[in-house]
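**Q** Chains as they are written, first to last, in the working numbering: chain A, 1 to 374; chain B, 375 to 560.
1. Say whether chain B places a C-beta atom closer than 7 Å to the C-beta of residue 275 of chain A.
2. Just by C-beta distance, which residues in the segment 442 to 467 of chain B are closer than 9 Å to chain A?
3. Based on the DSSP output, what are the partners of residue 251 of chain A in its beta bridges?
4. According to DSSP, residue 183 of chain A sits in a beta bridge with which residue or residues?
5. Would you mind sorting residue 472 of chain B into buried or exposed? The rule is 16 or more other CB atoms within 10 Å of its CB.
6. Go ahead and label residue 146 of chain A buried or exposed: buried means 16 or more other beta carbons lie within 10 angstroms of its beta carbon, across all protein chains shown.
7. Can you tell me the Cα-Cα spacing of residue 76 of chain A and residue 247 of chain A, whole angstroms?
8. If you draw a straight line from the C-alpha of residue 315 of chain A to the C-alpha of residue 260 of chain A, how long is it?
9. Find the residues of chain B that neighbour residue 179 of chain A, judging by a C-beta separation of less than 8 Å, and give them in chain order.
10. Give the interface partners of residue 355 of chain A over in chain B, defined as CB-CB distance under 8 Å, in chain order.
11. Roughly how many whole angstroms lie between the Cα atoms of residue 124 of chain A and residue 325 of chain A?
12. Apart from the five residues on each side of it in sequence, which residues of its chain come closer than 7 Å, Cβ to Cβ, to residue 17 of chain A?
13. Might you give, ordered along the chain, the residues of its own chain that have their beta carbon closer than 6 Å to the beta carbon of residue 122 of chain A, omitting 5 neighbours on each side?
14. To test your reading of the DSSP string, which unbroken beta strand (DSSP E) runs of 3 or more residues are found completely within the segment 441 to 514 of chain B?
15. Using a Cβ-Cβ distance under 7 Å, would residue 352 of chain A count as near chain B?
16. Cα separation between residue 80 of chain A and residue 380 of chain B?
17. Here's the rule: buried if 16 or more other CB atoms are within 10 angstroms of the residue's CB, otherwise exposed. What is residue 402 of chain A?
18. Assign residue 59 of chain A to one of two classes, buried (16 or more other C-beta atoms within 10 Å of its C-beta) or exposed (fewer than that).
19. Look at the Cβ atom of residue 167 of chain A, then the Cβ atom of residue 153 of chain A, and state whether they are nearer than 7 Å.
20. Using the C-alpha atoms, what's the distance from residue 342 of chain A back to residue 334 of chain A?
21. Output yes if chain B places a C-beta closer than 7 Å to the C-beta of residue 48 of chain A; else output no.
22. From what residue to what residue does the alpha helix (DSSP H) around residue 542 of chain B run?
23. Any residues in the segment 271 to 305 of chain A with a beta carbon nearer than 7 Å to a beta carbon of chain B? Which ones, in chain order?
24. To the nearest angstrom, report how far apart residue 199 of chain A and residue 53 of chain A are at their CA atoms.
25. Who are the near neighbours of residue 27 of chain A in its chain, counting only those whose CB is closer than 6 Å to its CB and skipping five residues on each side?
26. Is it right to say residue 103 of chain A is buried, meaning 16 or more other beta carbons lie within 10 angstroms of its own, or is it exposed?
27. Which residues of chain A have a Cβ atom closer than 9 Å to the Cβ of residue 426 of chain B, listed in chain order?
28. Can you tell me whether residue 127 of chain A is buried or exposed? The criterion is at least 16 other CB atoms within 10 Å of its CB, across all chains shown.
29. Enumerate in chain order the residues of its own chain whose CB-to-CB distance from residue 205 of chain A is below 8 Å, with the five nearest sequence positions on each side excluded.
30. With 7 Å set as the bound, which would you pick, yes or no: does the beta-carbon of residue 184 of chain A sit closer than that to a beta-carbon of chain B?
31. Between residue 401 of chain B and chain A, is any beta-carbon pair separated by less than 7 Å?
32. Using a cut-off of 9 Å between C-beta atoms, extract the partners of residue 504 of chain B located in chain A.
33. Using C-beta distances below 8 Å, list every residue in its chain close to residue 532 of chain B, excluding the 5 sequence neighbours before and after it, in chain order.
34. Between which two residues does the beta strand (DSSP E) harbouring residue 385 of chain B extend?
35. Strictly under 7 Å for the Cβ-Cβ distance: is residue 405 of chain B near chain A by that measure?
36. Considering only residues of the segment 303 to 367 of chain A, which uninterrupted alpha helix (DSSP H) runs meet the minimum length of 4 residues and lie entirely inside it, listed in chain order?
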């Protein structure tokens, strides 16, 4: 039976906008940049219709600061940008983490460094997961690969941001943002209702004096702690929160049971890898895929379990950059003597369009334990 | 013809020839037919002056790679697109070639080709703007991936409401291309 009537054909960027609004987002601040312009375009239409607020800021610096203000009021709010625009937002991102605010940021990454190009790239991995801003800030990073995941992950982004009172970044790329695919516009199982988001914000949100009744103590949202010992206490609080976030690590393992080689890839590159694996398995190659869904927290335990289940099993990290996530894979698999696993790397240059056929050769070489030239 | 579970196509031409519109139409029709689909436009410096192209993948399981190096089929509407994509066509693949704008001498005779004057045929139906629809119709006839009626019906969701009155002529253009390809392959 055809399920066509439930599905709509939209771009990943449009799916982000629909997902955000359906998840309860009511404020958007941004500044245009390719390849994510369909997000502000859709938000500028959707938000006024439901009493929300859309602002095209004077710059990314302004947009991120407006986001900080909106988040402090407890209203589900977001921004989106790409590459260099996200760099401009790092100061506010650090402030929002320090202030424990539930901001949601979307980076549909483009090629870099510098102005780069408008093609796909995974060169922003370090910035996203290690923190491009100052101080010990960490933010949860979700990596969608399909338009449906762009929709679903916006719910998850707001749920996690409000649960932990911490910024969440959704990291895609030009392919994830520009691809048009069927999307079902129904909330995923892990969605939190907007009322629940409001409850989570109730203990700290800034509402205006007197709104909580006479005599209520004023609230202050801040990231500055100058009195002796207060910054240390704040950082301990953040550390405990980051440790609690580890429970949110998510991944998908496919065809790994019999695999001599597990390819680790995320986002759009994981799609091309999956097709390459499909072709190679049809030829009898024992290859599987491990796809991190959360890049922070990184799914170390999922990887370690795969390594432990089959000693001698190799791992090949395929990314569209010069080698970034591979460091987290090596950290995860660098275990006690005799338990570490061999981790190989194949990098695709940013800006190129990666197809499955091109990826078959490096996977074949890795399976045979041969050197791969990126 | 038995419809294969997997099909992909690169559609290419000058900016303005309606490459993205027929790519969208094909993906919409595939989705409405109950398939998994992806449509990926390629933008870049090539938007102005050179060629624009998009890739559509139709499958029975969720689409993996939305990009293909060696497409199973192509629709090429101008000479630069033929030069770029003819060498990449998969072994046994089929290409729809715009005979109105592309010299026959450039067509590789070893390739399965529907050489069809889509501009001239569209002009006869009413407007050269429908050359893209004639070409997509020929692709449907040559590949059998989707029923013609399904693609014609999907026009109603892809064409903006302001242009609804143009849907019948576009459906006719699809049919003209379809018939041309069917006659050639019969």
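Even glycine gets a Cβ: it sits at the ideal position worked out from N, Cα and C. As the structure is a prediction and not an experimental result, all values here were calculated from the model.
**A** In this structure, then:
1. yes
2. 442, 443 and 444
3. A/292
4. A/8
5. buried
6. buried
7. 23 Å
8. 9 Å
9. 412, 413, 414 and 440
10. 439, 441, 442 and 443
11. 10 Å
12. 39, 42, 43 and 46
13. 319, 320 and 321
14. 447 to 450, 468 to 472 and 486 to 490
15. no
16. 35 Å
17. Within the shown structure, residues of chain A are numbered from 1 to 374, placing residue 402 of chain A beyond reach of any answer.
18. exposed
19. no
20. 9 Å
21. no
22. 541 to 559
23. 271, 272, 274, 275 and 278
24. 21 Å
25. 53, 70, 75 and 77
26. buried
27. Within 9 Å Cβ-Cβ: nothing; residue 426 of chain B doesn't reach chain A, min ~13 Å.
28. buried
29. 72, 73, 74 and 219
30. no
31. yes
32. Going along chain A, no residue has its Cβ under 9 Å from residue 504 of chain B, so there is no contact; the nearest lies around 22 Å.
33. 395, 398, 399 and 402
34. 381 to 388
35. yes
36. 325 to 333 and 356 to 367
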